[in-house]
Amino acid sequence: MNDLVSDGPQGSLRRLRNQLAEDGCAESQVVLAKQLLEEKCELEADKISNFKQALEWLICATEQAHPEARRLLRRCIRSGVIDEDSAAIVRAKSCLAASRQETVARKAARDLFASLSNGEQYITTVQLERRIREICNTTLRKTAAEDSDSPDDDNSEAANALDDAAQALEPSDLQAGDHINSNGTLRTSHDLEEDVPDRCSNEEIRNLTVDNLVSAAVDYCQGELPLVSYELTLTDPSVKSLDHIPLLQQAFLHPIVFLQVLYLKLLYYFGSFSFRLSNIELSLVLIAYLFVSADSLYHLVPLVLYYVSFVAMVICTFKMLHAKRQFIDFRKWSGLFLRYSDGNLQPDESENLFVRNNLGPFIQFFVALFVNLFLYPFIATQWVPFSELCVLSFFLMFLTLCSFGANGNPYPDVLALISFAINVLAKYPYEKDTVVHQGWRFLDFHISNYPSYVLGNSIEFCLNGRMFFSLLIPVILVLMARRSDWQGFFKQTLPHCVTLSWLQMFIMSSHGCTTYGLIRGTLALVCSFLFLPLIGVMTVTLPLFAFLQYITLPRIIYTATMVLSFGLSLGFTCLLAKSEATKRFVTPFQLVFGTLAIIYFGNQFVLNIRDDGLPSGLIELLADEKPSIKNLLKNEFLSEYEDNNYHINWDDYYTHCNNPSWTDYNIAATQIKCSVLEGANVNWEGYVKDVSLLNVKNKWRDFAYWLPGFLQEYFKCYYGEEYSNVCRGSDGVQSVAECEFVSSVARQSGKSCHLDNLNEYTYEVKLMMEASGGILKRHAEIVIHFGHYFTNFTRLLRSDDKIRFKGTLSNENRPYNIGAKDLTIRGYEINCLECKEARGSVTLKTSSASKFSELFKTIVNDCVVSTKYILNFMLNPIIVFK
Numbered sequence: 001m002n003d004l005v006s007d008g009p010q011g012s013l014r015r016l017r018n019q020l021a022e023d024g025c026a027e028s029q030v031v032l033a034k035q036l037l038e039e040k041c042e043l044e045a046d047k048i049s050n051f052k053q054a055l056e057w058l059i060c061a062t063e064q065a066h067p068e069a070r071r072l073l074r075r076c077i078r079s080g081v082i083d084e085d086s087a088a089i090v091r092a093k094s095c096l097a098a099s100r101q102e103t104v105a106r107k108a109a110r111d112l113f114a115s116l117s118n119g120e121q122y123i124t125t126v127q128l129e130r131r132i133r134e135i136c137n138t139t140l141r142k143t144a145a146e147d148s149d150s151p152d153d154d155n156s157e158a159a160n161a162l163d164d165a166a167q168a169l170e171p172s173d174l175q176a177g178d179h180i181n182s183n184g185t186l187r188t189s190h191d192l193e194e195d196v197p198d199r200c201s202n203e204e205i206r207n208l209t210v211d212n213l214v215s216a217a218v219d220y221c222q223g224e225l226p227l228v229s230y231e232l233t234l235t236d237p238s239v240k241s242l243d244h245i246p247l248l249q250q251a252f253l254h255p256i257v258f259l260q261v262l263y264l265k266l267l268y269y270f271g272s273f274s275f276r277l278s279n280i281e282l283s284l285v286l287i288a289y290l291f292v293s294a295d296s297l298y299h300l301v302p303l304v305l306y307y308v309s310f311v312a313m314v315i316c317t318f319k320m321l322h323a324k325r326q327f328i329d330f331r332k333w334s335g336l337f338l339r340y341s342d343g344n345l346q347p348d349e350s351e352n353l354f355v356r357n358n359l360g361p362f363i364q365f366f367v368a369l370f371v372n373l374f375l376y377p378f379i380a381t382q383w384v385p386f387s388e389l390c391v392l393s394f395f396l397m398f399l400t401l402c403s404f405g406a407n408g409n410p411y412p413d414v415l416a417l418i419s420f421a422i423n424v425l426a427k428y429p430y431e432k433d434t435v436v437h438q439g440w441r442f443l444d445f446h447i448s449n450y451p452s453y454v455l456g457n458s459i460e461f462c463l464n465g466r467m468f469f470s471l472l473i474p475v476i477l478v479l480m481a482r483r484s485d486w487q488g489f490f491k492q493t494l495p496h497c498v499t500l501s502w503l504q505m506f507i508m509s510s511h512g513c514t515t516y517g518l519i520r521g522t523l524a525l526v527c528s529f530l531f532l533p534l535i536g537v538m539t540v541t542l543p544l545f546a547f548l549q550y551i552t553l554p555r556i557i558y559t560a561t562m563v564l565s566f567g568l569s570l571g572f573t574c575l576l577a578k579s580e581a582t583k584r585f586v587t588p589f590q591l592v593f594g595t596l597a598i599i600y601f602g603n604q605f606v607l608n609i610r611d612d613g614l615p616s617g618l619i620e621l622l623a624d625e626k627p628s629i630k631n632l633l634k635n636e637f638l639s640e641y642e643d644n645n646y647h648i649n650w651d652d653y654y655t656h657c658n659n660p661s662w663t664d665y666n667i668a669a670t671q672i673k674c675s676v677l678e679g680a681n682v683n684w685e686g687y688v689k690d691v692s693l694l695n696v697k698n699k700w701r702d703f704a705y706w707l708p709g710f711l712q713e714y715f716k717c718y719y720g721e722e723y724s725n726v727c728r729g730s731d732g733v734q735s736v737a738e739c740e741f742v743s744s745v746a747r748q749s750g751k752s753c754h755l756d757n758l759n760e761y762t763y764e765v766k767l768m769m770e771a772s773g774g775i776l777k778r779h780a781e782i783v784i785h786f787g788h789y790f791t792n793f794t795r796l797l798r799s800d801d802k803i804r805f806k807g808t809l810s811n812e813n814r815p816y817n818i819g820a821k822d823l824t825i826r827g828y829e830i831n832c833l834e835c836k837e838a839r840g841s842v843t844l845k846t847s848s849a850s851k852f853s854e855l856f857k858t859i860v861n862d863c864v865v866s867t868k869y870i871l872n873f874m875l876n877p878i879i880v881f882k
């Protein structure tokens, strides 16, 4: 009391301010920091000490989003009182680097921890989950009350931060602190706290410190779902909600929850799927590439890429759905931090950042869609399972429509439904539907003064009306995009475009569907979700049928035995599942008996097929008739060239394009008439008259001529051959005397090396052709050009050798040589019939009729068709590209 009197009011105020600052009052911290900075100190050490203490108070106040503290802290850093590398300055810079949003979120996280910890060093995930649910419930009730009083757009837009909790908390009305058991029952907060020690022993609950919550706040401000959220169950049901039930019994006991959990596991699996290939996967792709010949790449690669792009579209769709579910949890974190920030937090900023951070799957989806549409004209349609793709597109279309169109509200988005309906009206092929075309006679949809298409006796669907619907689509998309200050483009318009894309894929795939294909695709989709339930039924029923097949009983006893056996099997399974010690044996027990029964009935089925044959209806249901892989690859580039091109024999050519035609008309008229043979193949026989070189190409020698004289010989000797080795490496074409002649001439002329081994020759072979004409044979002379590939064979040809050759007629030279005296043919195969030296045959794998240019033209044409296909996908029916 004496100290208080001696200090006076100023001392009491100072102690009170210190106490408030230590308790976290930002205003008191700023006042104390100002006093420390303004205090006059004689010693430099005291000045630095006051500066550091003031810096600590300003950092604490800045972390609580005090605006004046932020300005003072920035001024202190620039003052240079202490070294910039000191820990205090580094911490101050880190504090200033945080945005105001992050600062507010950090403060909210600390206040949240202080509210839940009650002075302890940690909180549990159960406490955090319960608090988030409590805030969601309170906000929902408040929002419902406000909507009932004043349902204006501004209030509904502000309340949207937690509207997604409606889906999470339905159908149960949770009270503050209530929790849902894994089996669906409801526990109060008192029961939950009593059960915490048991759950902690199973390591299902983790302790959280204040640093964990601050880290969650930082992740939230960066537009990322906090890591601690993966340990919470903010949206029912939990993935582990059925783990206490044997696998094969989950679908019977909780069918709806089972499907929900199965859907969640599918989302989590594809949500974490990465398109990056590991080293092993990349090695497998390269090995598969080695087994594919170069000729088949033109058709196999587009086909593989077509399926890969479609699978990528499916995976990206599930990635989007997973991001949508995460966005629901993210908005609950918005409500949590908004509550503890006293309304200073801007949740829209973090939510928009979260949406932009998850745009990757959308970009990947549309790229895969573009690739899929672009490759469609390249592939063989008989290898596209249109029915299965149609069923899958139909499923994903409505799945995305329901998921993306909800927007956290109990009712779907009206604009999304209207846009979907208008797209159906605009894209529907009325003229191809016989039911609409002939059966809808009770409707009268007529718009006068416009060209229209008659659909029935009294139905006229105006083509301009279809265009009107198509023009409404972008208007609705713009209306969806302008929501929330144009943030609706990312939140609603882009996801809705995914739904419309699946609608278009469904319409396109429906053109090639078959009845059995639709049944097959539907069964595959249903069985993929009901596989485990069906296995569970089979494990109980199949052993009974297998047992009763061997005994002969009256109908009543047979039925009673089946019911009794079924009940005993079910009771034995339930008895095993009742005890914790034997519960793990239930699934193996069912799998073993089910497998044995399947093997037995499968064997009986095979025996019946062997005796009676497979029913034709079953064959049609299992698989439509498909061509073999050989037929898939059979095309003009992969099969024998002559199988796909017109051939003209020598007698016909001689009659219509040689001497007889010249006599009847003239050479010019014959050339014009025979120009139709451009690109035609020939397979003729003739006698060799002469073989000469037409052209020699050597790029290495041309390059050597540009080098200085002293470098030319070095270059020739390095890349070429020495003349002294000509005889040593003779291939048998030249005799020993000829080799010595070449080497002696080179030695006398001072030449040491040459580049002739790199020459590329073009040969001109003159043939004497014979045409049948009775006793006297008519002769004609033609010229064939062979490339460097035929070097070894053509050098062995001698005069009067009889050969068979294949080639292509061409009019590249002017004047036209087809129909002229100097006919020139480009050969791509030669076969010796009666030769002195040459043996066998030589075939150029790629036709010299510029097969590459033909392939290039085909690719260009397919690319043009693909471009039109994509434009029709986007603009049809307003603009149709034929």
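Take the sequence shown: its letters are residues 1 to 882, numbered as in the numbering used here.
Beta carbons: idealized from backbone N, C-alpha and C, even for Gly.
Endpoints, beta strand (DSSP E) assigned at residue i
i	result
S692	681 to 697
K806	802 to 809
F786	778 to 786
S841	841 to 843
T762	760 to 771
Helix, strand or coil at residue i according to DSSP, with G and I counted as helix
i	result
G514	Contrary to the premise, residue 514 reads as Thr rather than Gly in this sequence. DSSP places T514 in coil when its eight states are reduced to three.
A98	coil
A33	helix
C835	coil
Y718	helix
I818	coil
V239	coil
C753	strand
H254	coil
Y263	helix
H647	strand
I825	strand
N659	helix
Contacts around residue i, its chain only, beta-carbon distance under 8 Å, and the 5 residues preceding and following it disregarded
i	result
L373	S866, Y869, I870, F873
F370	I870
L58	Q29, V30, A33, A69, L72, L73, C76, A92
T791	Y761, Y763
Buried or exposed by the 16-neighbour rule on C-beta atoms within 10 Å, applied to residue i
i	result
H511	exposed
G720	buried
I256	exposed
P385	buried
D485	exposed
L208	buried
F273	exposed
Y816	buried
R747	exposed
H496	buried
Alpha helix (DSSP H) segment containing residue i, residue limits
i	result
V391	386 to 404
E934	The structure shown does not extend to residue 934, since the chain is modelled only from 1 through 882, so no value can be given for it.
N725	Looking at the DSSP string, N725 is not in any alpha helix (DSSP H), and its letter there is neither H nor E.
N279	279 to 290
L369	360 to 375
A669	667 to 674
Contacts around residue i, its chain only, beta-carbon distance under 7 Å, and the 5 residues preceding and following it disregarded
i	result
N352	Q487
L36	N50, Q53, A54
V691	Y763, V765, T794, L797
Same chain only: Cβ atoms within 6 Å of residue i, ignoring 5 sequence neighbours per side
i	result
Q64	A26, K107
Supposed contact pair residue j and residue i - C-beta distance, whole angstroms, cut 8 Å
i	j	result
E829	K689	That pair is no contact at about 20 Å.
C136	G335	6 Å
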